[in-house]
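J.: Here the sequence shown is numbered in this note's numbering, starting from 19 and rising by one per residue.
Take a look at this one; I'll ask things after.
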Amino acid sequence: MPVDPAYTRRLLLGHGFGAALLLPGVGRAELHHRAARHAQQAPAPLVILDPGHGGKDPGAIGVSGTYEKHVAFAAAGELARQLHTSGHYRVSLTRENDVFIPLEDRVAIAQAKGASLFISMHADALLDHSVRGASVYTLAATASDAQSASLAQRENAADRYAGPGAKGVSPQVAEILASLVRHETRVDSAEMQQHVVASLGQEVPLLENPARHAGFAVLKAADIPSVLVEMGFMSNPHDEAALRQAGHRAMVASAIRHAIDGYFTSQGHLTRVAG
């Protein structure tokens with residue numbers, strides 16, 4: 019069976035192989051060979067779905083009063099249902115009900131569970147109510163455009179609800195090990211982004227240049243390919259009305275599911291997701 023690169027990353031960081039990367043005389047080929055032996059027993063990929071906001075943080079509020087947190091949770095639940103039904107994946111949500119979870123805790127949940135893929139689901143708002151369409155974001159230190167920078171700033175501000183003492187600092191050694199796989203993770207995140215953009219574009223309107231990047235805190239897992247999907251804008255009457263409909267959310271979820279299938283097929287899970 020082909021080796022899942024995400025599983026290899028977890029082995030390198032979580033099974034004692036990561037530290038060996040810091041020692042002389044230990045090559046990456048040998049480490050990946052060891053990882054491949056372990057991967058023969060690898061379970062189905064674990065997809066973590068992250069419904070944005072929740073609890074005391076409503077997220078964007080639509081033109082007719084719809085809360086982003088409710089739309090995101092409903093869409094994530096539908097996507098989880100579809101992924102479960104496919105039988106190809108294990109699936110978990112960062113929140114199972116209407117509760118507030120700090121951004122760093124969402125990342126920590128995915129890391130603790132050994133996620134193969136992290137998808138954060140949102141529907142933001144803009145002052146310009148004429149703007150509509152979906153977009154997909156990956157992490158970058160510099161935003162692709164001013165709108166993306168503003169969006170990331172608003173989403174990252176969700177931690178203002180967390181209160182003092184909510185944030186921690188990663189141990190230095192964890193940061194060193196994580197830095198060894200960041201490039202691979204960025205490449206995989208960009209690949210997943212392209213799959214989602216292509217799949218969503220067949221079903222719903224997209225923003226101009228829908229593949230974007232910005233410094234989203236929720237995408238900062240060093241070892242987990244991660245994307246943030248903006249399903250539309252709550253500030254646009256057409257997008258909000260569509261996202262309120264279960265049928266539309268099911269269509270969006272189906273598009274993302276097909277993107278997930280395409281991503282894991284390209285990652286070496288052809289036998290898992292074929293058909």
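Even for Gly, the Cβ is constructed at its ideal location relative to N, Cα and C.
1. Would residue 276 be called buried (16 or more neighbouring beta carbons within 10 Å of its own) or exposed?
2. Under the DSSP definition of a beta bridge, which residues are partnered with residue 156?
3. Can you list, in chain order, the residues of its chain with a C-beta nearer than 6 Å to that of residue 133? Leave out the 5 residues immediately preceding and following it.
4. If you draw a straight line from the alpha carbon of residue 77 to that of residue 252, how long is it in whole angstroms?
5. Would you kindly work out how many angstroms separate the C-alpha atoms of residue 39 and residue 90, rounded to a whole number?
6. Rank 114, 240, 98 and 267 by C-alpha distance to the C-alpha of residue 249 and give the top, closest one.
7. Can you grab the Cα-Cα spacing for the pair residue 73 / residue 118, in whole Å?
8. With residue 246 and residue 141 assumed to form a contact (beta carbons below 8 Å), what rounded beta-carbon distance in angstroms separates them?
9. Would you kindly work out how many angstroms separate the C-alpha atoms of residue 69 and residue 204, rounded to a whole number?
10. Whose CA, out of 101, 155 and 125, lies closest to the CA of residue 271?
11. Taking 7 Å as the CB-CB limit, is residue 127 close to chain C?
12. Rounded to whole angstroms, what's the CA-CA distance from residue 113 to residue 213? Just pull it up for me.
13. Measuring only the C-alpha atoms, how far is residue 233 from residue 104?
T.: For this structure:
1. buried
2. 231
3. Closer than 6 Å at Cβ, skipping near neighbours: 64, 66 and 242.
4. 10 Å
5. Unreliable placement is indicated for residue 39, whose pLDDT of 49 sits below 50; the coordinate value is still reported in the next sentence. Looking at the two C-alpha atoms, the distance is approximately 39 Å.
6. Relative to residue 249, the option among 114, 240, 98 and 267 whose CA is nearest is 267.
7. 4 Å
8. Wrong, their Cβ atoms sit about 11 Å apart, outside the cutoff.
9. 22 Å
10. 101
11. Included in the structure is just one protein chain, with no chain C present.
12. Distance between the alpha carbons of residue 113 and residue 213: 25 Å.
13. 33 Å
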